[in-house]
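A.B. asks: Protein sequences appear in the order of chains A and B. Going by numbering that gives the first Met the number 0, the first sequence opens with residue 0, and the numbers climb by one from there. Going by numbering that gives the first Met the number 0, the second sequence opens with residue 0, and the numbers climb by one from there. The C-beta atom is built at its ideal place from N, Cα and C for all residues, glycine as well.
2 protein chains.
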Amino acid sequence: MTYCLGVLIQDGLVLASDSRTNAGIDQIAMVRKQVSFVLPGERTITVLSAGNLATTQAVVTSLKQSWSEGDETDLTRAPTMFDVATILCSVYRRILDRDGDYVRPFGDVTGSFIIGGQIKGEEPRLFQVYPAGNFIEAGPRTQFLQIGETKYGKPILDRALNFETSIGMTAKLALLSFDATIHSNLSVGPPNDLLPYRRDSYSVENLRKYSATNAEWSRIRDAYSEGLIDLLSRVPDPAIDPP
Amino acid sequence: MTYCLGVLIQDGLVLASDSRTNAGIDQIAMVRKQVSFVLPGERTITVLSAGNLATTQAVVTSLKQSWSEGDETDLTRAPTMFDVATILCSVYRRILDRDGDYVRPFGDVTGSFIIGGQIKGEEPRLFQVYPAGNFIEAGPRTQFLQIGETKYGKPILDRALNFETSIGMTAKLALLSFDATIHSNLSVGPPNDLLPYRRDSYSVENLRKYSATNAEWSRIRDAYSEGLIDLLSRVPDPAIDPP
Chain A
0 MTYCLGVLIQ DGLVLASDSR TNAGIDQIAM VRKQVSFVLP GERTITVLSA GNLATTQAVV
60 TSLKQSWSEG DETDLTRAPT MFDVATILCS VYRRILDRDG DYVRPFGDVT GSFIIGGQIK
120 GEEPRLFQVY PAGNFIEAGP RTQFLQIGET KYGKPILDRA LNFETSIGMT AKLALLSFDA
180 TIHSNLSVGP PNDLLPYRRD SYSVENLRKY SATNAEWSRI RDAYSEGLID LLSRVPDPAI
240 DPP
Chain B
0 MTYCLGVLIQ DGLVLASDSR TNAGIDQIAM VRKQVSFVLP GERTITVLSA GNLATTQAVV
60 TSLKQSWSEG DETDLTRAPT MFDVATILCS VYRRILDRDG DYVRPFGDVT GSFIIGGQIK
120 GEEPRLFQVY PAGNFIEAGP RTQFLQIGET KYGKPILDRA LNFETSIGMT AKLALLSFDA
180 TIHSNLSVGP PNDLLPYRRD SYSVENLRKY SATNAEWSRI RDAYSEGLID LLSRVPDPAI
240 DPP
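1) Is any beta-carbon of chain A found at less than 8 Å from that of R233 (chain B)?
2) Should the region 229 to 242 of chain B be regarded as contacting the region 207 to 216 of chain B, the criterion being three or more beta carbon pairs within less than 8 Å?
3) Pick out the complete alpha helix (DSSP H) segments inside the region 156 to 214 of chain A, 4 residues or longer, and give them in chain order.
4) So, under 8 Å CB-CB, I166 (chain A) and A159 (chain B) are touching, yes? Tell me the CB distance rounded to an integer number of Å.
5) Does the distance from the CB of G132 (chain B) to the CB of Y91 (chain B) come in under 8 Å?
6) In this structure, does DSSP put I44 (chain B) in helix, strand or coil?
7) With DSSP as the reference, identify every bridge partner of Q117 (chain B), one or two as the case may be.
8) Our contact map puts G106 (chain A) next to M80 (chain A) with C-beta atoms below 8 Å; I'd like the distance itself, whole angstroms only.
9) Could you list the residues in the region 207 to 226 of chain B with a C-beta less than 8 Å from some C-beta on chain A, going in chain order?
10) What residues of chain A sit near L243 (chain B), judged by a beta carbon separation below 9 Å?
11) Check whether the Cβ of G125 (chain B) lies closer than 8 Å to any Cβ atom in chain A.
12) Just tell me which of B:R31, B:S18 and B:T45 has its CA closest to the CA of R124 (chain B).
13) If contacts are defined as beta-carbon pairs under 8 Å, then T246 (chain B) and S202 (chain B) qualify, I think. What distance do you get, rounded to the angstrom?
14) Assign E122 (chain A) to one of three DSSP states: helix, strand, or coil.
15) Quick one: what's Q127 (chain B) bridged to in DSSP?
16) Comparing alpha-carbon positions, which option in B:E122, B:E41 and B:P78 lies nearest Q9 (chain B)?
17) Specify the secondary structure class of Y2 (chain A) as computed by DSSP and reduced to three states.
18) Helix or strand or just coil, what does DSSP make of A49 (chain A)?
19) Note down the Cα distance separating V58 (chain A) from S65 (chain A), rounded to an integer number of angstroms.
20) Can you give the Cα-Cα distance for I24 (chain A) and P39 (chain B), rounded to whole angstroms?
21) Anything in chain A within Cβ reach of I266 (chain B), meaning under 8 Å, just list it in chain order.
22) Thinking Y2 (chain B) and G120 (chain B) are a contact (beta carbons under 8 Å), I'd like their distance in whole angstroms, please.
23) What are the boundary residues of the beta strand (DSSP E) that F36 (chain B) is part of?
24) Pull out every residue of the region 150 to 163 of chain B whose Cβ sits closer than 7 Å to any Cβ of chain A, in chain order.
25) Quick one: list the residues of chain A neighbouring I239 (chain B), beta-carbon separation under 7 Å, in chain order.
26) Is there a Cβ from chain B that is less than 8 Å from the Cβ of D236 (chain A)?
27) With H, G and I counted as helix, E and B as strand and the rest as coil, what does DSSP make of V83 (chain A)?
28) Taking 8 Å as the cut-off, does the region 178 to 186 of chain B touch the region 141 to 155 of chain B (at least 3 CB pairs, one atom from each stretch)?
29) Can you give me the Cβ contacts of V220 (chain A) inside the same chain, cut-off strictly under 8 Å, excluding the 5 residues immediately before and after it?
30) Anything in chain B within Cβ reach of S183 (chain A), meaning under 8 Å, just list it in chain order.
31) Secondary structure at Q145 (chain B), three-state DSSP: helix, strand or coil?
32) Who pairs with I8 (chain B) in a beta bridge, going by DSSP?
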């Protein structure tokens, strides 16, 4: 399984993904699920992917091969992020059409994607591509999108995130959302790739990799975990026995 | 959907369930998902159920009708909680056999159950019945069991619960686990039934119903929610921009 998260905030985007891939709990490998396409100063496009790894790798690698080649799936030529999402979906469906009948006897052939980025002249934008190859866009009221193992990490985002949340706090919430997921589900695991993208930077130099032993992540995780136990001891217990 | 939770602790059991049932988001009703069978001073058996409502009601109502009737599914005659679980499963499978072929064209016919209770001469015990009608028992290392919409409410239990946790703290964690679930998923909703069962009490007089506006639950929810926001502001942010 996989967990990928994209958050749209006033200050930009935060994109995060884990690195675990497995076909059954006994066959576990690490793989990057986050790829960025950059024209410095002009556009950055980051794609997170979940689902059938052969399918999602084929999509991402095709887009890499077409980068700057001038064909119709060349992402350097897409005028808007909406066009980027449309191109990714067309490449994805082409691969589904090619591979589907061969793969389905063995399992699910589909993938899903989160696409975040900014093209000069536009605001930062964030999209989620469904397994069917259609997609939705995030907005200030639907400001985070998740794919893969999404549920364990959702409550903390529902409680604490809004469009005005700072990029540092959002990055912290993303790490804690991953921590909750990793805690509760074996099939999601570090290292986590985290990209806090500042609007109008057109750069991915803020990309961080958090291994399980990363000191900064440990500090955040421990401070949260200890603070939570302390908080729970201070919240009043319900009255148990009848008066 | 539904969320039901059973926790086994040193001091006894905590059993909790929501009240929402729906067939599609537009057809929502409230229903109790928690039923207790009591022989005062001798045994209490509580059944929580999720899944097809006609199936689970048929199981629970059959067991109610057989109570004290002296037939082979009479729970007053079961020598142990293990036998109680075995009887419930046999009733459940009888109903699956009777209804399955008629119901499957319309949807899932199966249910799942949590059974918690104590029979004099035994410790408090807790079981989970799978849709197949087989079951597992909780123990000090697997001390909580969930059915239905289980994921949103799991992280807080994973972080804070252990076998020595007090019954008051466990009841509080159960309420907060439900709060996380209700927050993140429309298909789970109050009122919640919460039964903190003290070992050797053979009574369900501690059963509480928490409506959405219940003052005690609001106090717990608000204290947690405010405390969490405060905690998150104190946990250090990750460094974002490159040095």
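C.D. replies: Based on what the coordinates show:
1) Counting from one through the second sequence, the residue named residue 233 (chain B) turns up at place 234. True, the Cβ-Cβ gap to chain A drops below 8 Å.
2) no
3) 166 to 183
4) Numbered from its first residue, the first sequence carries residue 166 (chain A) at position 167. Numbered from its first residue, the second sequence carries residue 159 (chain B) at position 160. So it is not a contact: roughly 29 Å between Cβ atoms.
5) By one-based count along the second sequence, residue 132 (chain B) stands at place 133. By one-based count along the second sequence, residue 91 (chain B) stands at place 92. The answer is yes: Cβ separation under 8 Å.
6) Taking the second sequence and counting its residues from 1, the one referred to as residue 44 (chain B) is at position 45. In the structure shown, I44 (chain B) sits in a strand (DSSP, three-state: E or B).
7) As a first step, residue 117 (chain B) must be located in the second sequence, where it is residue number 118. Looking at the DSSP assignment, Q117 (chain B) forms a beta bridge with B:T43.
8) Here residue 106 (chain A) corresponds to residue number 107 of the first sequence, with the count starting at 1. Here residue 80 (chain A) corresponds to residue number 81 of the first sequence, with the count starting at 1. Actually they are not in contact, since the Cβ atoms of G106 (chain A) and M80 (chain A) sit about 32 Å apart, beyond 8 Å.
9) R207, E215, W216, R218, I219, A222, Y223, S224 and G226
10) This structure cannot settle anything about residue 243 (chain B), because the visible part of chain B is limited to 0 through 242.
11) If you number the second sequence from 1, residue 125 (chain B) lands on position 126. Per the sequence presented here, residue 125 (chain B) reads as Leu, with Gly not at that position. With 8 Å as the cut-off, L125 (chain B) does not count as an interface residue toward chain A.
12) On the second sequence, position 125 is the one that residue 124 (chain B) refers to. Its Cα nearest to that of R124 (chain B), the residue B:T45 stands out among B:R31, B:S18 and B:T45.
13) Since the displayed chain B opens at 0 and closes at 242, residue 246 (chain B) lies outside it and no answer follows.
14) Stepping through the first sequence from its first residue, residue 122 (chain A) is reached at position 123. Residue state, collapsed to three classes: coil.
15) Looking up residue 127 (chain B) in the second sequence gives position 128. B:I113 and B:I135, per the DSSP bridge assignment.
16) Looking up residue 9 (chain B) in the second sequence gives position 10. The residue with the shortest Cα to Cα distance from Q9 (chain B) is B:E122.
17) As a working mapping, residue 2 (chain A) is identified with position 3 in the first sequence. Strand at Y2 (chain A).
18) Here residue 49 (chain A) is taken as the residue at index 50 of the first sequence, counted from 1. Correct three-state label for A49 (chain A): strand.
19) Counting from one through the first sequence, the residue named residue 58 (chain A) turns up at place 59. Counting from one through the first sequence, the residue named residue 65 (chain A) turns up at place 66. Rounded to whole angstroms, the separation of the alpha carbons of S65 (chain A) and V58 (chain A) is 11 Å.
20) Here residue 24 (chain A) refers to the residue found at position 25 of the first sequence. Here residue 39 (chain B) refers to the residue found at position 40 of the second sequence. Because the pLDDT at I24 (chain A) is just 49, under 50, the model does not fix this residue reliably, and the point stays unresolved.
21) Examination of residue 266 (chain B) is not possible in this model, given that chain B is present from 0 through 242 alone.
22) Against the second sequence, residue 2 (chain B) aligns to sequence position 3. Against the second sequence, residue 120 (chain B) aligns to sequence position 121. 32 Å between Cβ atoms; not a contact.
23) Against the second sequence, residue 36 (chain B) aligns to sequence position 37. Counting along the chain, the beta strand (DSSP E) containing F36 (chain B) begins and ends at Q33 to L38.
24) K150, Y151, K153, P154, D157, R158 and A159
25) Start at 1 with the first residue of the second sequence, and residue 239 (chain B) comes out as number 240. Near I239 (chain B) (Cβ distances below 7 Å), the residues of chain A are I166, G167, A170, P195 and N205.
26) Walking along the first sequence from the start, residue 236 (chain A) turns up at place 237. Cβ-Cβ to chain B under 8 Å: yes for D236 (chain A).
27) Numbered from its first residue, the first sequence carries residue 83 (chain A) at position 84. Here V83 (chain A) sits in helix by DSSP.
28) yes
29) Numbered from 1 along the first sequence, position 221 holds the residue referred to as residue 220 (chain A). The sequence as given places Arg at residue 220 (chain A); Val does not occur at that position. Contacts found: L174, L175 and D178.
30) As a position in the first sequence, residue 183 (chain A) is number 184, starting the count at 1. Within 8 Å Cβ-Cβ: K150, K153, P154 and D157.
31) In the second sequence, counting from the first residue as 1, residue 145 (chain B) sits at position 146. Strand.
32) Within the second sequence, the letter at position 9 stands for residue 8 (chain B). The partner list for I8 (chain B) (beta bridge, DSSP) reads B:G11.
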